[in-house]
Amino acid sequence: MTTETVAVTGMTCEHCVASVTEEVSELAGVTGVAVDLVPGGSSTVTVTSDAPLDDEALRGAIAEAGYEVVAR
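This is the structure we're talking about:
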């Protein structure tokens, strides 16, 4: 099992958290998603998975939710 953490901008509310959680949870192997919401700043998204995630897939899932990864 692996854990990866990324900083995400643009998230402002619990709806944002739900959107990111839903999109990231659909990636193969993901077993958990936790978001530390910082409205107007960089929120932290921690993803637990069975194996390391493809960076582009993770960024794509977060972009699909409408947000941007700023650091990994």
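Residue numbers (the numbering used here): 446 to 517.
Glycine included, every Cβ here is placed at the ideal spot set by N, Cα and C.
Note that this is a predicted model, so its numbers are computed, not measured.
Say whether the stretch 488-505 touches the stretch 446-458, bearing in mind that this needs 3 or more beta-carbon pairs closer than 8 Å, one atom from each stretch. yes
Counting only runs of 4+ residues fully inside the stretch 471-507, write out the alpha helix (DSSP H) ranges in chain order. none
What separation, rounded to the nearest whole angstrom, lies between the Cα atoms of ALA508 and ASP481? 18 Å
Quick one, are the C-beta atoms of GLU513 and THR454 less than 8 Å apart? yes
Smallest Cα separation from SER494: which of SER470, THR476, SER464 and GLU459? THR476
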